[in-house]
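Here's the structure we're looking at; comments come further down.
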Amino acid sequence: MEEMISKMKKIAYEDLSTKKVDRVIGFGKGDFIYEANPIFISNLEEVDLLVWDLFCVNNLSKYLINELKNYQKIGIFLKGCDSLGFNQLVKDNKVDPDNVIVYGVPCEGMIDPNKLSKKNLLKDLRYLRRVDEKLIIVTKQGEKELIAKDYEYDKCLKCKHPNPVVYSELLESNTLRNSILTDDFEEVDRIEDMNSEERYEYWSEQFSKCIRCYACRNICPVCSCDKCIFDNLDIGVSGKAKVDSEDQFFHIVRAYHVAGRCVDCGECSRVCPESIAIDKLNRKIIKDITEIYGEYDAGLNPSKSSVLVNYKLEDFDPFETSKGGK
Amino acid sequence: MKKITEEKLPELYSHISQNHDLFVPIDQDDSVNFSLWKDGANVNFDVLKTNTSPKKYIFPQCETFFNFKSEGKKLTIERIKSEEKPYVVFGVRPCDAKSFRLLDNVFLSEPMDRLYEEKRNRGIIVSMGCNEPEDTCFCNSFSILPNSIQEGVDVFTLKLGNKIFWEAISENGVELTNKLSDLLDDVTEGDLKEIEIAKSQVNEKVKELPFSNIDPNEINRDLNELFQSKIWDEISKSCIGCGSCTFVCPTCHCYDIQDYDGNKSGERYRCWDSCMYSEFTLMAHGNPRTTQKERFRQRFMHKLVYYPNNFDEYACVGCGRCVGKCPVNMNITKVIRKLGGENQ
Ligand code: SF4
Ligand code: SF4
Ligand code: SF4
Ligand code: SF4
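Just so you know, the sequences run in chain order A and B.
According to the numbering used here, the stretch in the first sequence is residues 1 to 326, in order.
According to the numbering used here, the stretch in the second sequence is residues 1001 to 1344, in order.
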């Protein structure tokens, strides 16, 4: 980690001082050991704030949309999942890749403070470090050795691309991390196995928990409309009322609007304050796409045509198949 | 003062439920929220911060003022009457209990808010002290002690081991306590000693918390200076304008009024709104706050400057929910520090 941090500082310093970039987006340390935050650097003095640790979980790619309105050329640190988001932003014409220098950072998986907290390990946490598949933590009570994957974010456990899929500079050789530690579509299968009433009940309950803060939308690199219909009451298709119909409408529209573009970065589920299973809906759609059109990972290969945007005559006709689950 | 053991709580819950809707922190799908108690519910008093705050019982996310209908030239307006049962919220932490009072300042001063008043009067607040404040708690920065009995609560409880101590505070509290007398035991001298010790221990613990040096009273620049400050550009940069902080916050109280328009009939309702949103206070000419920086500034100026100007108290209770929930870890503690609100 230390080595990585010095590399990050070095490259940010070099590129800012040679005016190769006029802005750098990376991570800085927060108030707690278990906190890293997005930071934005234009002054050389601030380069020293850059960090890299087990909590750099945010997908920074979406910040490019706004930052490029004020800066010419931006250097950005992206992990594997973030780089998929970046590619999709490029594909959606939201970001011009010529104005971006991607510093690729291979990722070993990020640690979820909530999982530490549930085991009462967050309080008085003084130090933590990852050694391969082990997590060494030091609290007031002394040192403990844990299994890292028990504390990784859910999204990291399902990560297929820990290594950046696009970059201008790769800061470290690719990680050999064994990706996809849990069965890819196991959870989706479980929902498909329900009968339609059970399924309706499951989703109604999930969606009724929604407080409609729209954190899931705002963090998402592919939810990038200038004006979302849920921020535009004048068009009269949705209201702000906290009722089941509106909650469900929001969730279905969100899921369908990212269908085929969702890069499965898991940010939406991570940020949901009500822990709604947003990822399961996304993954159901990804599963269907895989079954209907073959293996397709949004954000992986920007030159490949978009699976739901480009129509081919020989495309499968979904109206001929059975609906929903099994 | 009375007490009850943890094992007997379900009995107490079902007793209260006979005449009231009872809301308690319930653990469901791995997250704890205040919800309606039903037999077998997984009540959790170990987690201090429920996901969202119990303010939803006095100020629901959405409520209807009236229904309307037009027939020819006639317009009928039907006022919505409350028919709900009296309710009890059990387990309201001192920070959240204080937030109820802060909302009272807004909704119960003239012109009185009818819907709010009705809900407020219908409820009994059973508060619960905290023994193990979390890293993200900073109630003490707003002079709220984790074991304090806040003004306006009806009953104060404290859970030590498997004993729950129960102290009626208001008339309503006494009435409820009397109804439960069969289930509650008297406390002993030893119990009182135990409570004393726990209280003084927690008062020491809060001094050791990571945010203990946060002190908004140290912010001494005037309104204009704060408003114009350059720091807003810097600290609002990472904010994605999601509004999570406002929706989980016990003291945020902005709302929007909308019509559900069903052509010939409809409903006028209000619902929570967030200053972090682009369409907040949208007017015919557009939005008065056109950038996220201005929206972000509004939230914190409201809590730290505007509200205190009106009511002489801060509109934050240091519950720390926003600290845990912000997707980018930007929150009021960072803002207070940036504005100079820190004890050295
Ligand atoms: S983040 Fe969660 S609570 Fe907020 S709008 Fe999305 S699903 Fe709803
Ligand atoms: S929908 Fe969720 S998983 Fe998909 S790209 Fe957006 S944030 Fe990532
Ligand atoms: S601003 Fe944050 S800490 Fe303060 S009351 Fe609201 S949620 Fe709690
Ligand atoms: S401060 Fe955080 S929680 Fe609040 S709107 Fe901004 S990003 Fe969302």
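Glycine included, every Cβ here is placed at the ideal spot set by N, Cα and C.
Residue-level contact to chain A via CB, residue i, 9 Å cutoff
{"i": "B/T1177", "result": "no"}
{"i": "B/Y1013", "result": "no"}
{"i": "B/T1290", "result": "no"}
{"i": "B/M1330", "result": "yes"}
{"i": "B/E1134", "result": "yes"}
{"i": "B/L1282", "result": "yes"}
{"i": "B/Q1018", "result": "no"}
{"i": "B/N1033", "result": "yes"}
Test: residue i CB closer than 9 Å to a CB of chain B
{"i": "A/N37", "result": "yes"}
{"i": "A/G266", "result": "no"}
{"i": "A/V131", "result": "no"}
{"i": "A/E274", "result": "yes"}
{"i": "A/C213", "result": "yes"}
{"i": "A/V51", "result": "no"}
{"i": "A/L233", "result": "yes"}
{"i": "A/K123", "result": "yes"}
{"i": "A/F185", "result": "no"}
{"i": "A/A241", "result": "yes"}
{"i": "A/F40", "result": "yes"}
{"i": "A/Y63", "result": "yes"}
{"i": "A/F250", "result": "no"}
{"i": "A/V24", "result": "no"}
{"i": "A/N174", "result": "no"}
{"i": "A/F77", "result": "no"}
{"i": "A/F207", "result": "no"}
{"i": "A/F86", "result": "no"}
{"i": "A/V100", "result": "no"}
{"i": "A/G80", "result": "no"}
{"i": "A/D112", "result": "no"}
Nearest-angstrom Cβ-Cβ length linking residue i and residue j, presumed shorter than 8 Å
{"i": "A/E172", "j": "A/A148", "result": "Wrong, their Cβ atoms sit about 18 Å apart, outside the cutoff."}
{"i": "A/Y103", "j": "A/I11", "result": "6 Å"}
{"i": "A/I65", "j": "A/S224", "result": "6 Å"}
{"i": "B/K1002", "j": "B/W1166", "result": "4 Å"}
{"i": "A/F86", "j": "A/V166", "result": "6 Å"}
{"i": "B/L1158", "j": "B/G1129", "result": "4 Å"}
{"i": "B/G1320", "j": "B/E1134", "result": "7 Å"}
{"i": "A/R177", "j": "A/E108", "result": "6 Å"}
{"i": "A/S275", "j": "B/D1029", "result": "6 Å"}
{"i": "A/L72", "j": "A/N99", "result": "First, the amino acid is wrong: residue 72 of chain A is Gln here, not Leu. A/Q72 to A/N99, Cβ: 7 Å. Contact."}
{"i": "B/I1124", "j": "B/V1088", "result": "5 Å"}
{"i": "B/C1242", "j": "B/P1327", "result": "6 Å"}
{"i": "A/L49", "j": "A/G28", "result": "4 Å"}
{"i": "B/I1214", "j": "B/E1342", "result": "6 Å"}
Secondary structure of residue i, DSSP reduced to three states
{"i": "A/A12", "result": "helix"}
{"i": "B/C1242", "result": "coil"}
{"i": "B/T1290", "result": "coil"}
{"i": "B/F1068", "result": "strand"}
{"i": "B/S1035", "result": "strand"}
{"i": "B/S1265", "result": "strand"}
{"i": "B/D1233", "result": "helix"}
{"i": "B/Q1344", "result": "coil"}
{"i": "A/L49", "result": "helix"}
{"i": "A/P162", "result": "coil"}
{"i": "A/S83", "result": "helix"}
{"i": "B/E1084", "result": "coil"}
{"i": "A/N174", "result": "coil"}
{"i": "A/M4", "result": "helix"}
{"i": "A/K240", "result": "coil"}
{"i": "B/V1206", "result": "helix"}
{"i": "A/L122", "result": "coil"}
Any chain D beta carbon closer than 9 Å to residue i
{"i": "A/R217", "result": "Considering every chain present, this structure includes no chain D. Its protein chains are A and B."}
Residue i beta carbon near ligand 6 (any heavy atom closer than 8 Å)
{"i": "B/I1214", "result": "Of the ligands one can find in the structure shown, namely ligand 1, ligand 2, ligand 3 and ligand 4, none is ligand 6."}
If you pair each beta-carbon of the segment 1111-1127 of chain B with each one of the segment 1284-1304 of chain B, do three or more pairs fall below 8 Å?
With the cut-off at 8 Å, the segment 1111-1127 of chain B and the segment 1284-1304 of chain B do not touch.
Specify whether the segment 1249-1269 of chain B and the segment 1190-1209 of chain B touch according to this definition: at least 3 beta carbon pairs, one from each stretch, less than 8 Å apart.
Output reads no: the segment 1190-1209 of chain B does not touch the segment 1249-1269 of chain B.
Spell out a yes or no on whether the segment 1137-1153 of chain B and the segment 1096-1105 of chain B are touching, meaning 3 or more CB-CB pairs, one atom from each, closer than 8 Å.
The segment 1137-1153 of chain B vs the segment 1096-1105 of chain B: in contact.
Three CB pairs or more closer than 8 Å across the segment 201-208 of chain A and the segment 1232-1251 of chain B:
Between the segment 201-208 of chain A and the segment 1232-1251 of chain B there are fewer than three C-beta pairs closer than 8 Å, too few to call the two in contact.
Evaluate the contact criterion for the segment 251-269 of chain A versus the segment 1274-1293 of chain B: three or more CB pairs, one atom per stretch, below 8 Å.
Counting C-beta pairs with one atom in each stretch, the segment 251-269 of chain A and the segment 1274-1293 of chain B have fewer than three that are closer than 8 Å, which means they do not touch.
I want to know whether the segment 77-92 of chain A touches the segment 114-121 of chain A - three or more CB-CB distances under 8 Å.
Flag = no, the segment 77-92 of chain A and the segment 114-121 of chain A do not touch.
Three or more C-beta pairs below 8 Å linking the segment 1182-1189 of chain B and the segment 1203-1211 of chain B:
Taking 8 Å as the limit for Cβ pairs, the verdict is that the segment 1203-1211 of chain B does not touch the segment 1182-1189 of chain B.
Assess, as a yes-or-no matter, whether the segment 189-199 of chain A is touched by the segment 1035-1044 of chain B under the definition of 3 or more beta carbon pairs within less than 8 Å.
Taking a cut-off of 8 Å on C-beta distances, the segment 1035-1044 of chain B does not touch the segment 189-199 of chain A, as fewer than three cross pairs fall below it.
Given 8 Å as the limit, is there contact between the segment 1208-1226 of chain B and the segment 1172-1179 of chain B, that is, 3 or more CB pairs closer than that?
No, the segment 1208-1226 of chain B does not touch the segment 1172-1179 of chain B.
Should the segment 44-55 of chain A be called in touch with the segment 27-36 of chain A, which here means at least 3 C-beta pairs below 8 Å?
With the cut-off at 8 Å, the segment 44-55 of chain A and the segment 27-36 of chain A touch.
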